[in-house]
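See structure below.
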């Protein structure tokens, strides 16, 4: 994505530099001059830069026009990245918002329009810009899910998929936004977990599946169908994050798979995985006594009816889901 299109190229070289008290002298790029762009665009951008009271009305009118929307959004994104790169802060000493604080707020307020452009920043470089963009996308919520999923499905950028999965996890950690396509998100994350060639993408996807699957027993089963087979992922770091995700998900129907993973880890001499899985089982069952795999299986045979009944009642699932009751070892 080109953050600045021909009509948007003047950005802040003169006006923003003049409006930002104490700012260092602006560099000398070669932007389109303010007088060379259409009047409606010019008045809109001047109003934002100068904190003109007319700005809100001008913005609402501009958002009805796709070209003016692109102009506004991509200039705001450019300002955001420029302010972050320059090390600006969100508020002045007197508590008033700085340019950075204003542009953050503005991008969230017009979230449905700004989310696509913001999502395209996720894979750009290693600076603070993508981190700030992730936070804004999380604040935008449901309108940002589609653009983030587009980044998650990119085949040409590991970084895009990593950051998209991380952003989805952060979003669900604050509570799944109303209207978000949770099933579609779980499917996309699950496919990354099962098939992505990048281990970091798989790990991030595993960690994201837990918060996106905690609203009901059916949702938990949907997340678990990707997490359970990934206990056999070839990468130890991914297996670790899968165990963490299953522990956080808290679905007792995955106990047999966790017990099998404990046994495989002990038999394979992977004591780090064994200790982690043992701790996860204790946390999920609220027990403090570590057990051998066979002892855990004996406990589950006795406790299963009561545990499942309480679980299904709590999560209001009308029928037991047995997909994970007896997974292969």
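Residue numbers (our numbering): 14 to 342.
Every residue, glycine too, gets a C-beta built ideally from N, C-alpha and C.
As the structure is a computational prediction, the values presented were derived from the model and not from experiment.
| Item | Value |
| --- | --- |
| Pairwise C-alpha distance: residue 300 and residue 222 | 25 Å |
| Per-residue DSSP class, three states only, for residue 194 | coil |
| Short Cβ contact (8 Å threshold) for residue 266 with residue 211 | no |
| Contact the stretch 70 to 77 vs the stretch 99 to 114: 3+ CB pairs below 8 Å | no |
| C-beta contact flag for residue 87 and residue 71 at 8 Å | no |
| Beta-carbon gap between residue 271 and residue 262 smaller than 8 Å | no |
| Start-to-end residues for the alpha helix (DSSP H) that takes in residue 68 | 68 to 75 |
| Contiguous alpha helix (DSSP H) assignments of at least 4 residues, all confined to the stretch 105 to 149 | 112 to 122 and 124 to 132 |
| Beta-carbon proximity list for residue 320, same chain, < 6 Å, skipping 5 on both sides | 265 |
| Alpha-carbon to alpha-carbon, residue 293 and residue 123 | 42 Å |
| Backbone secondary structure at residue 161 - three-state DSSP | helix |
| For residue 216 and residue 114, the rounded distance between their alpha carbons | 33 Å |
| Residue burial classification, residue 240 (beta-carbon count within 10 angstroms, cutoff 16) | buried |
| Residue 182 to residue 147 span [Cα, whole Å] | 11 Å |
| Rounded straight-line distance, which links the Cα of residue 97 to that of residue 140 | 9 Å |
| Segment limits, alpha helix (DSSP H) that includes residue 238 | 230 to 240 |
| Three-way DSSP call (helix, strand, coil) for residue 363 in this model | This structure gives no information on residue 363, because the portion of the chain shown stretches from 14 to 342. |
| Residue 246 - DSSP class collapsed to helix/strand/coil | coil |
| Span separating the alpha-carbon of residue 285 from that of residue 82 | 52 Å |
| Burial state of residue 237, where buried means 16 or more other Cβ atoms lie within 10 Å | buried |
| Burial state of residue 112, where buried means 16 or more other Cβ atoms lie within 10 Å | buried |
| Whole-angstrom distance between residue 249 and residue 134, CA atom to CA atom | 30 Å |
| Neighbourhood of residue 128 by C-beta, 7 Å cutoff - its chain only, sequence neighbours within 5 removed | 150, 153, 156, 157 and 160 |
| Alpha-carbon to alpha-carbon, residue 199 and residue 246 | 18 Å |
| Cβ shell of residue 295 (< 8 Å), same chain only, five flanking positions each side left out | 301, 302 and 303 |
| Boundaries of the alpha helix (DSSP H) in which residue 59 is found, first to last residue | 52 to 62 |
| Pairwise C-alpha distance: residue 46 and residue 132 | 28 Å |
| Coarse secondary structure for residue 267, derived from DSSP in three states | helix |
| Nearest-angstrom Cα separation, counted from residue 144 out to residue 229 | 31 Å |
| Given residue 206 as reference, the closest of 166, 142 and 126 once Cα atoms are compared | 166 |
| Three-state class that DSSP yields for residue 308 in the structure shown | helix |
| Residue range of the unbroken alpha helix (DSSP H) whose run includes residue 218 | 212 to 222 |
| Three-state class that DSSP yields for residue 83 in the structure shown | helix |
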